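2 protein chains.
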Amino acid sequence: MTAHQRESTSRRPTISDVARRAGVSKMTVSRVVRGSPHVSAATRAKVLRAVEELDYYPSSTARALTGKLTGNVALVTGHAPRFDDFFNYVARAAERSLAERGYSLILVMQPIREGELPVVVREQKVDGLLLGGPEVRPSLTDLLRKRGVPFVMIADCGRAIGASSVCAADYDGAYGAVRYLLKLGHRRIGFVGTREAYYHVAERYRGYTDALREAGITPRPEWRAKADYTIEDGCRATRGLLAGSKRPTAVFYSGDLLAIGGLMAAEREGLSVPDELSVVGFDDILSASVTSPPLTTVRVDKERIGRTAVELLFRLMEDPSDVATVHVPTELIVRGSTARIGKAVQEPETPTVEGL
Amino acid sequence: MTAHQRESTSRRPTISDVARRAGVSKMTVSRVVRGSPHVSAATRAKVLRAVEELDYYPSSTARALTGKLTGNVALVTGHAPRFDDFFNYVARAAERSLAERGYSLILVMQPIREGELPVVVREQKVDGLLLGGPEVRPSLTDLLRKRGVPFVMIADCGRAIGASSVCAADYDGAYGAVRYLLKLGHRRIGFVGTREAYYHVAERYRGYTDALREAGITPRPEWRAKADYTIEDGCRATRGLLAGSKRPTAVFYSGDLLAIGGLMAAEREGLSVPDELSVVGFDDILSASVTSPPLTTVRVDKERIGRTAVELLFRLMEDPSDVATVHVPTELIVRGSTARIGKAVQEPETPTVEGL
DNA sequence: TTGAAAGCGCTAACAA
DNA sequence: TTGTTAGCGCTTTCAA
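Structure follows, in structure tokens:
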């Protein structure tokens with residue numbers, strides 16, 4: 023193959039083409055392309071011109087084969103239902119951060135089978151993983167560690183001990199939201215949440231109970247309703263909560279979708295929100311702002327979580343012992359679904375909470 | 023390196039390890055792994071056992087270097103605002119389809135610079151591209167063709183001629199929705215849409231005008247409002263539309279977010295939906311079902327679009343001349359934001375439309 | 001049916 | 001500063 027001006031289509035120019043054209047060795051081209059300082063200015067110029075003329079771009083595949091680095095990172099979410107909104111933004115931010123470092127993002131939403139590594143890891147397509155949330159099983163993190171594959175947990179701090187992780191300040195967010203409800207005069211405050219096996223749900227529940235206890239209120243079991251994840255689940259759970267004689271005057275939800283279900287339940291029960299029932303969600307998904315009334319919720323900075331996850335991953339890739347956990351602050355977004363407790367449902371006998 | 027039982031960590035077993043263990047050549051292992059029929063049953067068994075014992079998995083990188091196929095496909099969306107919901111579902115479905123074929127999905131949301139190829143193409147990280155929507159410039163498709171990189175357009179049929187593409191049946195969907203409004207007795211029907219440079223918006227507008235014309239109604243310029251993409255834009259545009267003396271009794275929007283803005287505009291103007299104003303969206307994003315009233319809209323089957331795009335891409339990769347365009351049917355989802363025209367605004371002088 | 005040799009495009013290690 | 005050699009893990013010839 024004497025390379026007779028093979029400009030036609032396809033075959034991308036290789037490092038050899040550039041070397042030949044510039045009249046240097048492949049190694050020199052490699053050095054120039056990677057920005058090595060051990061190249062004379064003249065040579066560099068020659069090479070750069072050839073690169074330009076040929077529109078040369080190094081093959082990441084060939085690089086990966088030698089250098090052991092693929093330039094890819096996977097975001098693994100399993101079939102996380104939260105992907106609907108949450109991981110969407112996380113992915114977007116992560117992709118941007120990765121691009122800045124010359125990396126690409128591989129999206130893995132397929133469920134990973136118990137005891138197996140994700141295909142992208144087995145095929146060695148990635149240098150590291152962003153592990154999205156509660157769908158990720160502990161057995162997976164064990165395997166990853168055994169293989170020495172760096173990974174960062176997202177939205178699931180504290181579960182995989184000794185692993186880097188980023189999540190929202192779930193506890194603080196919940197605590198603050200409930201404090202806010204208390205300040206509005208609410209005393210009977212319900213909690214509707216998904217499985218507590220989910221770290222972020224457990225944390226939010228903890229924030230809820232702590233805020234109540236601090237106000238001298240003992241959380242009652244009948245204020246707690248379990249739900250799955252969808253709007254319908256939230257609706258069903260809320261109706262259960264509202265059925266009792268001494269129904270809550272406010273309900274705090276572990277997620278916005280559930281809270282939107284709560285809004286619907288109130289409507290069906292003929293309760294006006296926020297006059298007769300205050301509703302608070304968590305996450306601040308897009309839909310939270312378009313309900314009627316718009317939802318008061320705890321905003322999670324999804325972009326920042328995505329960015330931070332990438333940062334932590336790169337720190338880990340440089341130094342495997344550089345493990346860190348980051349809690350990204352939340353923000354209470356007060357909209358129309360919360361109000362001072364209505365006169366009708368107020369309980370004069372309950373002592374006022376101090377310090378609110 | 024005499025490979026003294028290097029089980030420790032890291033170093034993944036290679037084809038040589040398997041060959042040695044099975045007592046065959048690398049070539050035989052390669053054949054077995056790829057399922058070649060030219061291997062005796064006995065040899066195959068031996069190899070398979072070694073594969074099992076070593077937990078061997080071929081390196082996609084090394085494969086790509088020889089075989090020219092990376093096993094990756096990129097979904098390029100640019101900074102498409104529609105990503106919020108639309109491309110999210112498309113991505114999910116695409117990823118699933120790709121996984122079934124042993125492929126991975128690389129997500130590219132970074133804007134691609136004019137006159138340049140996406141980095142994943144230059145680095146030869148992918149075998150093909152899914153080009154998401156209106157953000158993709160024509161210059162890009164030209165470059166791609168020159169390079170011989172297979173690609174499929176999503177949500178932008180008809181623009182890149184001679185290219186494979188998938189989109190919703192935008193024209194039909196819009197046409198059907200407007201027919202529905204006509205059937206409800208509406209005569210003054212507004213249209214709020216984003217830039218018509220966007221293929222899907224142009225098609226939806228065409229469906230709108232055709233339905234009107236067929237009903238003997240000439241679309242008036244004052245019924246047409248341009249908006250950008252967000253809820254706020256939709257609100258602003260709708261308020262403009264509602265300002266005139268003979269305001270529309272129904273408005274059709276090129277997207278749900280705009281329609282939600284329309285709902286807000288009506289509320290601010292003190293118009294009740296659907297009694298005084300009917301509102302119809304397009305896409306059926308998640309938020310469309312939680313507004314009050316819930317939004318009547320044209321549902322786009324995003325999963326099917328994602329699946330189909332992958333299908334078309336694989337056909338293209340096998341046979342570059344196998345170009346196809348697929349329009350995925352839409353479905354009118356009637357919810358609470360539309361109603362028969364109110365008595366108050368009815369115009370007895372307008373003739374009834376027949377055949378509705 | 002099986003294997004040996006060569007090479008994909010690049011870089012690490014060494015030598016000049 | 002520059003180049004040579006070797007090899008990453010696999011597959012494609014071609015030969016046995």
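Protein chains in written order, with this note's numbering: chain A, 23 to 378; chain B, 23 to 378. Where is the CB? At the ideal position from N, CA and C, for every residue including glycine. None of the values given here were measured: they were computed from a predicted structure.
Proximity of chain A to Val158(B) at the Cβ level (cut-off 8 Å) is not reached, the minimal Cβ distance being about 17 Å. Under the Cβ criterion of 7 Å, Arg114(B) is counted among the residues facing chain A. For a cut-off of 8 Å, the C-beta gap from Phe213(A) to Arg246(A) is around 5 Å, short enough to register as a contact. Residue pairing by DSSP places Phe274(A) opposite Phe213(A), Val302(A) in a beta bridge. In summary, the residues of the segment 124-141 of chain A whose CB is separated from some CB of chain B by less than 9 Å are Gly124, Ser126, Leu127, Ile128, Leu129, Val130, Met131, Gln132, Leu139, Val141, in the order they occur in the chain.
If only complete runs of 3 or more residues are kept, the segment 73-123 of chain B shows the beta strand (DSSP E) at 94-98, in order along the chain. Counting C-beta pairs closer than 8 Å gives fewer than three between the segment 57-76 of chain B and the segment 65-75 of chain A, which falls short of the contact rule.
Per DSSP, Gly328(A) is one residue of the alpha helix (DSSP H) stretching across 324-340. With distances taken between CA atoms, Gly124(B) lies nearest to Lys147(A) out of Lys147(A), Glu136(A), Arg209(A), Ser126(A). The secondary-structure analysis by DSSP pairs His222(B) with nothing; it has no beta-bridge partner.
Collapsing the DSSP output to three states places Ile128(B) in a strand. A Cβ-Cβ distance of about 11 Å is found for the pair Val95(B) and Leu129(B), leaving them out of contact under the 8 Å criterion. With contacts defined as CB atoms closer than 7 Å, Ile363(A) and Thr271(A) qualify as a contacting pair. Bridge pairing for His349(B): Cys189(B) [DSSP]. Among the residues of chain A, none has a CB under 8 Å from the CB of Ile176(B); the nearest is roughly 15 Å distant. Near chain B, meaning a CB-to-CB distance below 9 Å, the residues of the segment 75-88 of chain A are Asp77, Tyr79, Pro80, Ser81, Ser82, Thr83, Ala84, Arg85, Ala86, Leu87. For Gly229(A), the secondary structure class from DSSP, reduced to helix, strand or coil, is helix.
The criterion of a C-beta distance shorter than 7 Å is satisfied by Thr352(A) and Ala190(A).
Closer than 7 Å at the C-beta level to chain B, one finds these residues of the segment 311-335 of chain A: Val312, Thr313, Ser314. Any Cβ of chain A closer than 7 Å to the Cβ of Lys90(B) would place that residue at the interface, and such an atom is absent. About 11 Å separates the CB atoms of Leu338(B) and Gly184(B); that is not less than 8 Å, and the two are not in contact. Closest in C-alpha terms to Thr240(B), from the list Arg228(B), Glu298(B), Lys90(B), comes Arg228(B).
Take Ser52(A), set aside five residues on each side of it, and the residues of its chain with a beta-carbon closer than 7 Å to its own are Ile37, in chain order. Under DSSP, Arg246(B) takes part in a beta bridge, and its partners are Phe213(B). As DSSP reads the structure, Ile355(A) sits in a beta bridge with Thr319(A).
Neighbours of Asp106(B) across chain A, judged by C-beta separation under 9 Å: Asp107, Asn110, Tyr111, Leu308.
Taking 7 Å as the cut-off, the beta carbon of Leu91(A) is found no closer than this to the beta carbon of Gly198(A). Counting the other Cβ atoms within 10 Å of the Cβ of Val356(A) gives fewer than 16, which makes it exposed. With its beta carbon at least 7 Å from every one in chain B, Lys248(A) lies outside the interface. The C-beta of Lys324(A) has 16 or more other C-beta atoms within 10 Å across all chains shown, which makes the residue buried.
Residue contact with chain B for Glu122(A): absent (no Cβ-Cβ distance below 7 Å to any residue of chain B).
Here Val171(A) has Val143, Gly150, Leu151 as same chain residues with Cβ atoms under 7 Å from its own Cβ, once five neighbours each way along the sequence are excluded. With respect to chain A, the C-beta atom of Arg144(B) has a partner C-beta closer than 7 Å.
Counted as a single uninterrupted DSSP element, the alpha helix (DSSP H) harbouring Val55(A) occupies residues 48-56.
Ile37(B) has a beta carbon lying at 7 Å or more from every beta carbon in chain A. When DSSP reads this structure, Met286(A) sits in no beta bridge, so it has no partner.
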